[in-house]
Structures are given as structure tokens and as C-alpha cells.
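According to my numbering, the sequence shown is numbered sequentially starting from 17.
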Amino acid sequence: MSVKSDRAKSSGIVRRAFPVQLEVRAKKDNGPTTIEGYASVTESPFEMWDWLGPYSEVVRAGAFAKTLSENPQVQLLLNHGGLAMAYTQAGTLRLSEDTTGLHMEADVNTKRSDVNDMLLALEEGSVDEMSFAFRVTRQQWSPDYDQRDILEVDLHRGDVSVVNFGANPATTVTPAMRGADFDRLDEADARALYERLQRRLEPAPVAVQHPLSLYQAQAEALAL
């Protein structure tokens, strides 16, 4: 049976989304078009859900310091998929942490149709969220396991994404899960998902009818 302390055992890649305002700066003198904003906000609690219900989560200030000092490989994506639109290794994606959170600045190529579609959606306000994929390397839970403080993360080979809507907060994997996705889960996440599916698919208990009730039903049918 799952208990709240099981929350501390969860691991693997997770995604978190935040409403943002991304600034689009058009190219000047044949320079690149740049988008700028925050992929994460620190010291701002938000509600999460898992198989045990709601809990509060806070990304603490300084959570990105170590991973950024290690020059992580991070890409700018759309909805966590498709071709990279910017990349830290190429110098087109620049990440830093300030008093607000994880700041990103990306130079994008407007010759690409997918980039132009994203920029148009941003400019008209049709898209207003960003998400980032990361691993938690240091965390702290409250004694009742109802608040998780993320103290340190690893961004290496993760991404920052412009997203339509944030990933389902009820799980740490993509809501539309494929078999291949399940195979990539670590043991703790796979077990938690398995237990959740068991509870959901468990057949409803069949009421056992007392023999006396059968006699009563027959009597009523015969109007006795």
C-alpha cells in the first residue's frame, strides 16, 4: 500500500511548466531573431498531483547553479519534441539563473517553418507557457510529505520547451504513454504507475446477497 513517504522515492526525468511572457526581438542588420523568457520560476510554490493526491512543490533559489556551471547540453524544443531550435553547445541557447528563476535566451532561425509558426503563436498570444525537462539531484520533503523543495537539478541532456499546455502534473511521465516510454521508467516510477493502474482497473466488488434476501425477493414476486 502506498504511503506519502513513497513520494521521496520517485526519480527520473520530470517536466514542469510555468505561464510566461516570452519577448520576441526581431533581427536587426541581418542578425538573428531572439526569444527571451523564463523556463522556471524559483521560490514560488505551485500545486502538483500524484497518485496520492495534491502536494506543494517549490524550486529553491540556487537549484540551477551547479548544473549551469557544468555547461550542460540543453536544447530549445517545441512541446518537448521535434528538431532543436537552439542549442547550448552551438551558443544559440543561453541559460542563466537570476533572482526570478531559470532565464533563457535563444537565437532562432526564421528560415525554418516550425520556428516561424512558433514565433507567430507567441506574438499573437496563442502560446503562453514554457516547460523544462530535468532530473532532481537534491530535494527535501516536509515531515508530512506534503511539500517538496527542489534544491538542486541536473539539466544535462534535458530541454527547455515552449508548450501549448504543461505536462499532466499527476505523473512524471508524458500523459500519452507508449510502451517504449514505460520501458524507460526506473523501478520506482514504474512500480508507482503499476500500483495506480491496479487500483484503477481493479474490478468493483460484487455484493454478496444473503440467502434470506433471496426468499424475500421470491415472496415479493409471488405477492405473498
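Heads up, the beta-carbon is just placed ideally off N, CA and C, and yes, glycines get one too.
Is residue i near residue j, with beta carbons less than 8 Å apart?
| i | j | result |
| --- | --- | --- |
| PHE148 | GLY174 | yes |
| MET134 | LEU109 | no |
| GLU113 | PHE80 | yes |
Taking residue i as the reference, which of the options has the closest Cα?
| i | options | result |
| --- | --- | --- |
| ARG41 | GLU168, HIS172, VAL124, PHE62 | VAL124 |
| GLY78 | VAL179, VAL178, GLN155, ASP133 | GLN155 |
| ALA33 | THR50, GLU39, HIS96 | HIS96 |
| LEU99 | ASN180, SER129, VAL75 | SER129 |
| VAL152 | VAL57, LYS20, THR83, LEU68 | THR83 |
| GLY117 | ASN87, THR104, VAL169, SER72 | VAL169 |
| ASN180 | ARG164, GLY53, ALA137 | ALA137 |
| GLN163 | PRO61, ILE51, GLY47 | PRO61 |
| LEU167 | TRP65, ARG23, GLU59, ASP22 | GLU59 |
DSSP beta-bridge partners for residue i?
| i | result |
| --- | --- |
| THR50 | ARG41, ASP123 |
| TRP157 | ARG164 |
| PHE80 | Answer is none; PHE80 lacks a bridge partner. |
| GLU178 | The residue you asked about is not Glu; residue 178 is Val in the sequence shown. DSSP, once it has assigned bridges, lists LEU94, MET146 as partnering VAL178. |
| SER56 | LEU118 |
| LEU111 | MET120 |
Note down, in chain order, each residue of its chain lying with its Cβ closer than 6 Å to the Cβ of residue i, except the 5 sequence neighbours on either side.
| i | result |
| --- | --- |
| MET120 | ALA55, LEU111, VAL176 |
Quick one: what's got a C-beta closer than 7 Å to residue i's C-beta in the same chain, skipping five residues either side?
| i | result |
| --- | --- |
| ASP165 | VAL74, ARG76, GLN155, GLN156 |
Using a Cβ-Cβ cutoff of less than 8 Å, which residues in the same chain neighbour residue i once the five nearest sequence positions on both sides are dropped?
| i | result |
| --- | --- |
| ALA102 | GLN91, LEU92, THR108, LEU109, ALA122, ASP123, VAL124 |
| GLU86 | HIS172 |
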